[in-house]
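My numbering numbers the first residue of the sequence shown as 11 and each following residue consecutively. All C-beta atoms, glycine included, are put in the ideal place defined by N, C-alpha and C.
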Amino acid sequence: MNAAAVKSYLNDLHDRITAAVEGIDTVKFRRDTWTRSEGGGGESRVLSAGTVFERAGVSFSHVFGEKMPPSASNQRPEIAGAPFEAMGLSLVFHPRNPHAPTTHCNVRFLTATPSSGPPVWWFGGGFDLTPYYPYDEDVLHWHRTAREACLPFGADIYAKYKEWCDRYFFLPHRNETRGVGGLFFDDLNQDGFEPSFGLLRSVGDHFLPAYMPLVERRKDQAYGERERQFQLYRRGRYVEFNLVYDRGTLFGLQSRGRTESILMSMPPLVRWEYDWQPEPGSPEARLYDEFLRPRAYLGELDRS
């Protein structure tokens, strides 16, 4: 196990993603270095009111604690209450243009030291896509790149982590997926440190190739007030998931991380409507009818 190598990789990925976003927008990230009294800290980078991104946040954290939070130990009773170390990179990007999708990515490494037995370590993470006006070619590119990230680690890995993502990023109270999915994995340590770390790196390295071409393609596409209001309405689903179900948000709050950094994933503007329904046959209805459910996109949409 080499925690220093993981931290070095995450810091490098932080810089690469920051540079890519600043390379297409007119606004730079605000950078905040923070510490926590219980141990550790991190750096949050937040871009606001850009011409491309209305809000973009990417944060690195490396924290220590005396008791593993319940959000990380509910499925692992042997580490409940154990001292822990956690490091990770987390981002959420909310583009200004409604035709450009919101995205989330997280890669993390945790270690727990129970009073009896050896230390327990694992990797987790993934990335997912939340479009408002989905385009088949964008969804295909996203999932093709996700598959490429997984292929070196087994022919079945993409399907496994894609299905996990569909289950995780699901809003039971709405009976909807949050978007069109991607990859999600957790508790990864079964094959040893180096293969597990290799998969984490591959997922992290494939995020920019998966996402940035979609932003480049859609950032200047024409839209009107109807599309803008629908974008704001659908952002409400993002807020609902993050505050009610997301384990990363719960872990950050339960471990007493920096609240502003934990909640930087929230969109700057959002709206809710009472019992709103899309007009049948409309572009907005297509999102509901065709995309807010688990689908085998690479099989159903790939006609090449």
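Out of Q231, E186, V213, state which residue places its alpha-carbon closest to the alpha-carbon of R303. With distances taken between CA atoms, R303 lies nearest to E186 out of Q231, E186, V213.
Could you tell me the boundaries of the alpha helix (DSSP H) in which L308 lies? From DSSP, the alpha helix (DSSP H) with L308 extends over 307-310.
Which residues in the same chain have their Cβ closer than 6 Å to the Cβ of R10, if we skip the five residues on either side of it in sequence? Outside the modelled stretch of the chain, which goes from 11 to 314, sits residue 10, for which no answer is possible.
Quick one: what's got a C-beta closer than 6 Å to F217's C-beta in the same chain, skipping five residues either side? Apart from the 5 residues on each side of it in sequence, F217 sits with its Cβ closer than 6 Å to the Cβ of C115, F137 in its chain, given in chain order.
Taking 7 Å as the cut-off, does the CB of L308 come closer than this to any heavy atom belonging to the ligand GDP? Judged by which ligands are present, the structure shown has none, so any question about the ligand GDP falls away.
Selected residue, minimal CA-CA separation from R157, among Q239, D215, V280: Closest in C-alpha terms to R157, from the list Q239, D215, V280, comes D215.
Of the residues S126, G191, E270, V225, the one placed nearest S54, counting alpha carbons only: Of S126, G191, E270, V225, the residue nearest in Cα terms is E270.
Which term fits G67, buried or exposed, when burial requires 16 or more other beta carbons within 10 angstroms of its beta carbon? Buried, because 16 or more other Cβ atoms sit within 10 Å of the Cβ of G67.
Tell me whether the segment 155-174 and the segment 273-283 touch, counting them as touching only if at least three CB pairs, one residue from each stretch, are closer than 8 Å. Too few Cβ pairs lie closer than 8 Å, so no.
For the beta strand (DSSP E) containing A159, list its first residue and its last residue. Where A159 is concerned, there is no enclosing beta strand (DSSP E), although the alpha helix (DSSP H) it sits in stretches over 146-160.
Can you have a look at A220 and say buried or exposed, based on whether 16 or more other CB atoms are within 10 angstroms of its CB? A residue is called buried when at least 16 other Cβ atoms come within 10 angstroms of its Cβ; A220 meets this threshold and is buried.
Report back the beta-carbon spacing between M140 and G91 to the nearest angstrom; my notes put them in contact at under 8 Å. Looking at the sequence provided, one finds Thr at residue 140 rather than Met. Rounded, the Cβ-Cβ distance is 35 Å, inconsistent with contact.
Tell me the rounded alpha-carbon separation between E88 and P124. Rounded to the nearest angstrom, the two C-alpha atoms are 7 Å apart.
Please tell me whether F70 and L120 are closer than 8 Å, where the distance is taken between their beta carbons. The answer is no: Cβ separation not under 8 Å.
Would you mind sorting S18 into buried or exposed? The rule is 16 or more other CB atoms within 10 Å of its CB. Exposure of S18 is indicated by the presence of fewer than 16 other C-beta atoms within 10 angstroms of its C-beta.
Check whether the segment 275-295 touches the segment 236-249, counting contact only when three or more Cβ pairs, one atom from each stretch, lie closer than 8 Å. With a cut-off of 8 Å, the segment 236-249 and the segment 275-295 count as touching, because enough Cβ pairs lie within range.
Using 10 angstroms around the beta-carbon of T161, count the other beta-carbons present and answer buried if the total reaches 16, otherwise exposed. Reading off the sequence, residue 161 comes out as Leu, not Thr. Classification of L161: exposed, given that the 10 Å Cβ count is below 16.
Spatial neighbours of M222 within its chain, please: CB distance less than 7 Å, with the 5 preceding and 5 following residues excluded, ordered by chain position. Scanning its chain for C-beta atoms nearer than 7 Å, with the 5 sequence neighbours on each side dropped, one finds around M222 the residues A30, in chain order.
Grab me the residues of P93's own chain with a C-beta within less than 8 Å of its C-beta, minus the 5 sequence neighbours each way, in chain order. Closer than 8 Å at the Cβ level, and outside the excluded window around P93, lie F74, G75, E76, K77, M78, A122, T123.
Measuring alpha carbon to alpha carbon, tell me which of H151, I27, F39, S126 ends up nearest G309. Among H151, I27, F39, S126, the Cα nearest to that of G309 is on H151.
Would you mind stating whether F39 and H104 have Cβ atoms separated by less than 8 Å? Cβ atoms of F39 and H104: not closer than 8 Å.
Among residues of its own chain, excluding the 5 on either side of N107, which ones have a beta-carbon nearer than 7 Å to its beta-carbon? Close CB contacts of N107 within its chain, under the 7 Å cut and outside five residues either way in sequence, are with R228, K229, Q231, Y233 (chain order).
Tell me the DSSP bridge mates of D42? DSSP links D42 through a beta bridge to S54.
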